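Shown next, in structure tokens, is the structure this report addresses.
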Amino acid sequence: IKPGHHYTCEVPHDSYMDMMYMPDALNAVTQLMEADPARLKHRNSFNIASMSFTPEILFEAIKKRIPDATFDYNVDPVKAAIADSWPNMMDDSCAREEWDWCPKWGMEAVIDDMLAACRRKAGME
């Protein structure tokens with residue numbers, strides 16, 4: 011996301027989507043591999059969740075950091091149907107209970123980290 015640029019979103023402004031930042035996903039794999047087998051009741055699979063937000067919430071958070079970035083919506087019905095078919099927040103209670111899963115990254119921290127990475131890549135830091 012660059013200052014002064016315009017971005018178009020193809021899902022509705024109020025579609026909640028469950029998201030996870032890759033470092034949390036990798037941490038979850040490591041935590042599960044290192045978990046005490048005696049605590050694991052669901053050995054084959056676990057749901058893990060991190061954060062859930064709408065495009066509107068995401069754009070407002072980005073605008074706090076890049077005030078002149080602009081966003082609009084041109085909803086693609088196929089993409090909207092996919093986004094709306096996802097759960098608002100996956101139930102990860104078994105992972106939390108059996109191997110102490112807890113995401114470390116929230117939306118605000120993810121935005122800050124991704125913008126810093128973009129600045130580094132663009133040679134702006």
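When we follow this note's numbering, the leftmost residue of the sequence shown carries the number 11, and every step to the right adds one. Backbone N, C-alpha and C define an ideal beta-carbon position, used for all residues, glycine too. These numbers were taken from a predicted model, which means no experiment stands behind them.
Endpoints, the alpha helix (DSSP H) within which residue i is located
i, result
"Ser103", "103-109"
"Phe56", "From DSSP, Phe56 is part of no alpha helix (DSSP H); its letter is neither H nor E."
"Asp94", "87-95"
"Leu50", "That residue, Leu50, is in no alpha helix (DSSP H); it is neither H nor E in DSSP."
"Ala119", "117-131"
"Asn98", "Looking at the DSSP string, Asn98 is not in any alpha helix (DSSP H), and its letter there is neither H nor E."
Separation of residue j from residue i, as counted between CA atoms
i, j, result
"Leu50", "Lys114", "22 Å"
"Val85", "Val21", "5 Å"
"Glu44", "Met117", "26 Å"
"Met32", "Ala105", "17 Å"
"Arg75", "Arg129", "13 Å"
"Asp101", "Val39", "17 Å"
"Ala48", "Met134", "49 Å"
"Glu66", "Ala90", "14 Å"
"Glu70", "Glu107", "33 Å"
Integer Cβ distance of residue i from residue j, believed to fall under 8 Å
i, j, result
"His23", "Thr64", "6 Å"
"Ala119", "Ser25", "So it is not a contact: roughly 22 Å between Cβ atoms."
Span of the beta strand (DSSP E), counted from its first residue to its last, around residue i
i, result
"Phe81", "80-83"
"Asp24", "Run containing Asp24: none; DSSP gives neither H nor E here."
"Met61", "61-63"
Under 8 Å between C-beta atoms of residue i and residue j
i, j, result
"Ile72", "Ile121", "yes"
"Leu42", "Trp109", "yes"
"Tyr17", "Phe56", "no"
Proximity to residue i [Cα-Cα], best of the options
i, options, result
"Asp34", "Ser60, Asn54, Ser55, Leu42", "Ser60"
"Ser103", "Met30, Ala132, Leu68, His52", "His52"
"Trp96", "Thr18, Cys19, Asp28, Tyr17", "Asp28"
"Met196", "Ser62, Val88, Ala105", "The structure shown does not extend to residue 196, since the chain is modelled only from 11 through 135, so no value can be given for it."
"Ala79", "Leu125, Asp101, Ala132", "Leu125"
"Leu68", "Lys131, Ala132, Cys19", "Cys19"
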